[in-house]
DNA sequence: TAATAAATAGCACGACCGTTCGTTCTTTTT
DNA sequence: AAAAAGAACGAACGGTCGTGCTATTTATTA
């Protein structure tokens with residue numbers, strides 16, 4: 372019941388070989404998600420999208436009940452991509468700090484690979500959607516919440532593992548980490564300068580430096596911050 | 372030559388009493404700037420805007436040569452507002468750290484007062500504009516650059532004043548501070564929760580804590596980070 | 001290969017977009 | 001008070017939007 376406007380239920384679940392319509396629909400949605408990061412969901416027109424994927428407006432439109440349905444499907448597609456490209460690759464890593472760093476690397480790499488020309492899909496459409504209530508907005512908020520919850524979980528686990536001081540304000544820590552990622556997204560999209568990604572990474576490390584339990588308490592005054 | 376589509380040159384400069392058309396135009400532009408932070412510059416339609424300010428499409432449109440001209444005027448208006456609401460109030464403060472904190476307080480207060488429903492105007496339209504070249508985009512980039520340059524100047528001055536360690540990477544510091552502000556904007560607009568502003572402030576303080584010369588070197592192990 | 005279903009194209013619609021025009025009402029100047 | 005200028009109006013334009021219809025082509029299946 373979660374996926375919007377799912378096609379005729381396949382034989383029994385996993386699509387053995389995707390039918391023409393399915394792959395066509397997937398191609399449309401991927402192109403649409405990319406376009407939406409630059410033009411916005413509401414700024415994306417069926418005509419432009421049809422031209423982009425090389426079909427007629429009506430031919431494309433037959434795959435969706437309405438524009439709103441299309442938008443929801445685009446968000447769902449972006450959620451799947453975000454999951455497979457950012458989250459899943461990092462979940463192999465051990466819990467705690469290691470996984471946290473893996474998630475951050477994964478996210479920054481996802482920006483660097485320019486999967487979406489407008490940067491992170493959800494950062495791009497979140498602001499436009501937050502004044503336009505509806506299922507699409509709800510889904511976007513859900514993905515963002517889940518992302519922040521994931522970061523929070525890593526920090527909490529790191530505390531349990533003794534990697535991070537028990538006394539640190541977890542919410543504050545997650546805010547600061549997320550800030551570095553948002554800044555990376557914004558500034559990298561604006562400037563196309565990979566240096567922004569390096570600075571984001573360094574910024575996260577500087578945040579972590581403050582959180583880590585100084586098991587080796589006061590080595591040196593130097594090496595206080597990164598880069 | 373900088374202001375776009377300036378009206379008949381007034382007697383000699385400062386408008387003694389604004390004529391009807393001038394105040395009308397100003398009202399249009401202020402409403403437009405607010406609308407643009409939620410709908411985007413291209414998503415803003417003349418009809419909606421006319422309804423918002425309570426006039427006819429054509430009556431409103433008589434003030435501008437074209438939509439592009441209107442957009443540029445909106446950006447210019449937002450730049451003036453940003454200047455008077457954020458920058459100027461902070462310029463009374465002394466150079467260096469004091470002014471830096473004044474700028475940050477000023478910016479966060481500007482968010483909190485919700486002058487624009489979509490948060491910071493420039494953050495809102497920057498991403499939409501960066502794939503749409505033109506004078507409006509150029510102006511937005513210019514404002515953002517000037518803002519970052521201002522933060523940079525504060526940090527450099529603080530170094531000269533001995534408030535900040537000479538060895539810190541200024542670019543990195545500015546990135547991290549700007550990150551906190553961007554996160555405040557994004558998360559506060561999304562959640563409407565003032566806690567985000569507090570966390571942003573605390574985040575900035577945590578960044579500064581690392582930069583400040585430990586003239587009083589090792590007071591306590593405690594009080595290492597804010598909140 | 002023939003039958004059947006799915007996928008796409010063509011076309012037309014009402015609504016709204018930015019834009020222009022001619023007109024009217026209001027303000028300023030003479 | 002007459003004349004000129006400014007400001008706002010309603011109507012209408014060509015274009016594009018999202019959205020339905022009806023064919024026609026292409027895939028799947030028997």
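Protein chains in written order, with our numbering: chain A, 372 to 598; chain B, 372 to 598. Backbone N, C-alpha and C define an ideal beta-carbon position, used for all residues, glycine too.
Compute the Euclidean distance between the alpha carbons of residue 435 (chain A) and residue 413 (chain A), then round it to the nearest angstrom. Walking along the first chain from the start, residue 435 (chain A) turns up at place 64. Walking along the first chain from the start, residue 413 (chain A) turns up at place 42. Rounded to the nearest angstrom, the two C-alpha atoms are 16 Å apart.
Could you tell me if residue 537 (chain A) is buried or exposed, where buried requires 16 or more neighbouring beta carbons within 10 angstroms of its beta carbon? Translated into the one-based positions of the first chain, residue 537 (chain A) becomes position 166. Exposed is the call here.
So residue 545 (chain B) and residue 522 (chain B) are in contact, right, with Cβ under 8 Å, and what is the actual spacing, rounded? Within the second chain, the letter at position 174 stands for residue 545 (chain B). Within the second chain, the letter at position 151 stands for residue 522 (chain B). About 5 Å; that satisfies the 8 Å criterion.
Under 8 Å from the C-beta of residue 451 (chain A): neighbouring residues of chain B: Translated into the one-based positions of the first chain, residue 451 (chain A) becomes position 80. Residues of chain B whose Cβ lies closer than 8 Å to the Cβ of residue 451 (chain A) do not exist; the shortest such Cβ separation is about 22 Å.
Under a Cβ-count criterion, where at least 16 other Cβ atoms within 10 Å of its own Cβ denotes burial, should residue 368 (chain A) be classed as buried or exposed? This structure leaves residue 368 (chain A) out entirely; chain A is present only between 372 and 598.
In this structure, does DSSP put residue 583 (chain B) in helix, strand or coil? As a position in the second chain, residue 583 (chain B) is number 212, starting the count at 1. Residue 583 (chain B): strand per DSSP, three-state reduction.
How big is the Cα-Cα spacing for residue 458 (chain A) and residue 480 (chain A)? Here residue 458 (chain A) refers to the residue found at position 87 of the first chain. Here residue 480 (chain A) refers to the residue found at position 109 of the first chain. Near 12 Å, if we compare the C-alpha coordinates of residue 480 (chain A) and residue 458 (chain A).
Does the beta-carbon of residue 429 (chain A) have 16 or more other beta-carbons within 10 angstroms, so that it is buried, or is it exposed? Within the first chain, residue 429 (chain A) is the residue found at index 58, counting from 1. With fewer than 16 other Cβ atoms inside 10 Å of its own Cβ, residue 429 (chain A) counts as exposed.
Output the residue ranges of the alpha helix (DSSP H) runs that lie fully inside the segment 459–498 of chain B and measure 4 residues or longer, sorted by chain position. If only uninterrupted alpha helix (DSSP H) runs of at least 4 residues are considered, those enclosed by the segment 459–498 of chain B are 468–483.
contact_flag[the segment 487–496 of chain A, the segment 398–408 of chain A] where n(CB pairs < 8 Å) is 3 or more: Under the Cβ criterion (8 Å, minimum of three pairs), the segment 487–496 of chain A counts as touching the segment 398–408 of chain A.
Between residue 460 (chain A) and the rest of its own chain, which residues show a CB-CB distance below 6 Å, the 5 nearest in sequence each way excluded? As a working mapping, residue 460 (chain A) is identified with position 89 in the first chain. The residues are 477.
Mind listing the chain B neighbours of residue 557 (chain A)? Cutoff is C-beta to C-beta under 8 Å, in chain order. Numbered from its first residue, the first chain carries residue 557 (chain A) at position 186. For residue 557 (chain A), the chain B residues whose Cβ falls inside 8 Å of its Cβ are 494, 497, 498, 553, in order along the chain.
May I ask you to check if the CB of residue 501 (chain B) is nearer than 8 Å to at least one heavy atom of the ligand SAM? The ligand SAM is not part of this structure, which contains no ligands at all.
Does residue 405 (chain A) come within less than 9 Å of chain B when only Cβ atoms are used? On the first chain, residue 405 (chain A) is found 34 positions in, with the first residue counted as 1. With 9 Å as the cut-off, residue 405 (chain A) does not count as an interface residue toward chain B.
Within 9 Å (strictly less), CB to CB, does residue 410 (chain B) reach chain A? Taking the first residue of the second chain as 1, we reach residue 410 (chain B) at position 39. Residue 410 (chain B) has a beta carbon lying within less than 9 Å of a beta carbon in chain A.
Sort A:565, A:572, A:515 by Cα distance to residue 449 (chain A) and report the nearest one. Indexing the first chain from 1 puts residue 449 (chain A) at position 78. When each option's Cα is compared against that of residue 449 (chain A), the closest is A:515.
Please state if the CB of residue 482 (chain A) and the CB of residue 525 (chain A) are separated by a distance shorter than 9 Å. As a first step, residue 525 (chain A) is located in the first chain; it is residue number 154 there, counting from the start. As a first step, residue 482 (chain A) is located in the first chain; it is residue number 111 there, counting from the start. No.
Minimum Cβ-Cβ distance from residue 442 (chain B) to chain A less than 9 Å: The sequence position of residue 442 (chain B) within the second chain is 71, counting from 1. Any Cβ of chain A closer than 9 Å to the Cβ of residue 442 (chain B) would place that residue at the interface, and such an atom is absent.
Among A:425, A:568, A:581, A:390, the one whose alpha carbon lies nearest that of residue 399 (chain A): Locating residue 399 (chain A) in the first chain gives position 28, where the first residue counts as 1. With distances taken between CA atoms, residue 399 (chain A) lies nearest to A:425 out of A:425, A:568, A:581, A:390.
Report, in whole angstroms, the separation of the C-beta atoms of residue 578 (chain B) and residue 548 (chain B), which I expect to be a contact under 8 Å. Sequence index remark: in the second chain, residue 578 (chain B) carries index 207 (1-based). Sequence index remark: in the second chain, residue 548 (chain B) carries index 177 (1-based). About 6 Å separates the two Cβ atoms, so the contact holds.
Among A:451, A:393, A:442, which one has its Cα closest to the Cα of residue 500 (chain A)? For the purposes of this step, residue 500 (chain A) is taken as the residue at position 129 of the first chain. The alpha carbon of residue 500 (chain A) has as its nearest neighbour, out of A:451, A:393, A:442, the alpha carbon of A:442.
Short-range partners of chain A found in the segment 563–587 of chain B, where Cβ spacing is below 7 Å: Against chain A - using a Cβ distance shorter than 7 Å - the residues of the segment 563–587 of chain B are 570, 573, 574, 577, 581.
Can you say whether residue 467 (chain A) is buried or exposed, counting buried as having 16 or more other CB atoms within 10 angstroms of its CB? Taking the first residue of the first chain as 1, we reach residue 467 (chain A) at position 96. Buried: at least 16 other Cβ atoms inside 10 Å.
With distances taken from CA atoms, which of B:568, B:571, B:582 is nearest residue 543 (chain B)? Here residue 543 (chain B) is taken as the residue at index 172 of the second chain, counted from 1. Distances from the CA of residue 543 (chain B) to each of B:568, B:571, B:582 were compared; the closest alpha carbon is that of B:582.
Contact list for the segment 469–481 of chain A against chain B, Cβ threshold 8 Å: Along the segment 469–481 of chain A, none of the residues has a CB nearer than 8 Å to a CB of chain B.
Report the residue from A:580, A:506, A:561, A:576 whose alpha carbon sits nearest the alpha carbon of residue 485 (chain A). Numbered from 1 along the first chain, position 114 holds the residue referred to as residue 485 (chain A). Answer by Cα proximity: A:561.
Chain-order list of residues whose beta-carbon lies under 7 Å from that of residue 529 (chain B) (same chain, five-residue window excluded): Numbered from 1 along the second chain, position 158 holds the residue referred to as residue 529 (chain B). Here the set comprises 467, 468, 471, 535.
Quick one, are the C-beta atoms of residue 553 (chain A) and residue 553 (chain B) less than 9 Å apart? Position 182 of the first chain, counted from the start, is the residue given in the question as residue 553 (chain A). Position 182 of the second chain, counted from the start, is the residue given in the question as residue 553 (chain B). Result yes, Cβ atoms of residue 553 (chain A) and residue 553 (chain B) sit closer than 9 Å.
Of all the residues that make up the segment 541–552 of chain A, which are near chain B by a beta-carbon distance shorter than 8 Å? Listed in sequence order: 542, 543, 546, 547, 549, 550, 551.
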